[in-house]
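Protein chains in written order, with my numbering: chain A, 0 to 140; chain B, 8 to 111. The structure appears right after this line, and notes come after that.
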């Protein structure tokens, strides 16, 4: 029997929607558990390779562990817990939020925006005046 | 019956903090090997109980290994009391059926 694949466990937990912190910790705890099982068997006189094989068998399969974890809704990310919200309401909320954000930011920073606007208007008037003066000088100078 | 792993884990963790492997062994020993919770059961239940606030966890380094120790919270003790009541009701109900001459 192959040794238990903890990386595969971690990946498959993430794939079925388990929260990343929970998946990482589950894989780490299973690794510690495996080491404890190996220690228990080697302390009982089993050779290292036999102990590791037995410990892997005692843990079961990755698929079984993933199925046990994924059966618990509270361990999943919110997207998997509320798929309707994720598919429907989240994009709708984004559609509203994206155009609304600059407007809200503008209202929140109105004095700064007003100062910038006034500066731009003043710069525009000054440039236009200079250009007009130059044009008049060319025409009548 | 689906609450049995939760009941056993909360009962053991009500006494002292323990880690996963320790809990599997403790349940096996305490029940005379009548109940053996597999690794596929124990960690999802522990994580679920922690998620709903019944347990708290902390990492401790013991013998060169970092272990995650779990202990019961106040909410966990309340849940344990509820599960124990439920268990007593089920046990009484089943016993009354088994001991009733009409159903034997």
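Note that the Cβ used here is the ideal one computed from N, Cα and C, for glycine as well. Model, not experiment: these values are computed from the prediction.
Beta-carbon of residue i versus every beta-carbon of chain B: anything under 8 Å?
| i | result |
| --- | --- |
| residue 21 of chain A | yes |
| residue 28 of chain A | yes |
| residue 116 of chain A | no |
| residue 59 of chain A | yes |
| residue 4 of chain A | no |
| residue 9 of chain A | no |
| residue 50 of chain A | no |
Taking 8 Å as the limit between beta carbons, can you name the residues of its chain near residue i, skipping five residues before and five after?
| i | result |
| --- | --- |
| residue 83 of chain B | 17, 20, 21, 56, 60, 61 and 62 |
| residue 14 of chain B | 87, 90, 91 and 94 |
| residue 33 of chain B | 19 and 25 |
Just to confirm my understanding: we take residue i, look at its own chain, exclude 5 residues before and 5 after, and list those with CB closer than 6 Å. What are they?
| i | result |
| --- | --- |
| residue 73 of chain B | 66 |
| residue 114 of chain A | none |
Leaving out five residues on either side along the sequence, give the residues of the same chain with a beta carbon under 7 Å from the beta carbon of residue i.
| i | result |
| --- | --- |
| residue 5 of chain A | 26, 29 and 30 |
Step through the CB atoms of chain A and report whether any lies within less than 8 Å of the CB of residue i.
| i | result |
| --- | --- |
| residue 55 of chain B | yes |
| residue 11 of chain B | no |
| residue 72 of chain B | yes |
| residue 101 of chain B | no |
| residue 77 of chain B | no |
Note the first and the last residue of the continuous beta strand (DSSP E) segment covering residue i.
| i | result |
| --- | --- |
| residue 81 of chain A | No beta strand (DSSP E) holds residue 81 of chain A; DSSP gives it neither H nor E. |
Check the DSSP bridge columns for residue i and list the partner residues they point to.
| i | result |
| --- | --- |
| residue 79 of chain B | B:62 |
| residue 17 of chain A | A:75 |
| residue 73 of chain B | B:68 |
| residue 68 of chain A | Partner(s): none; residue 68 of chain A has no beta bridge. |
| residue 29 of chain A | Answer is none; residue 29 of chain A lacks a bridge partner. |
Flag this pair as yes or no: are the beta carbons of residue i and residue j separated by less than 8 Å?
| i | j | result |
| --- | --- | --- |
| residue 75 of chain A | residue 18 of chain A | yes |
| residue 33 of chain A | residue 58 of chain A | yes |
| residue 69 of chain A | residue 21 of chain A | no |
| residue 56 of chain A | residue 37 of chain A | no |
| residue 120 of chain B | residue 68 of chain B | Because chain B is modelled from 8 through 111, residue 120 of chain B falls outside the range shown and cannot be assessed. |
| residue 67 of chain A | residue 101 of chain B | no |
| residue 64 of chain A | residue 46 of chain B | yes |
Give the range of the alpha helix (DSSP H) segment to which residue i is assigned.
| i | result |
| --- | --- |
| residue 2 of chain A | Note, residue 2 of chain A: premise wrong, no alpha helix (DSSP H); not H, not E. |
| residue 38 of chain B | Premise fails: residue 38 of chain B is in no alpha helix (DSSP H) and is neither H nor E. |
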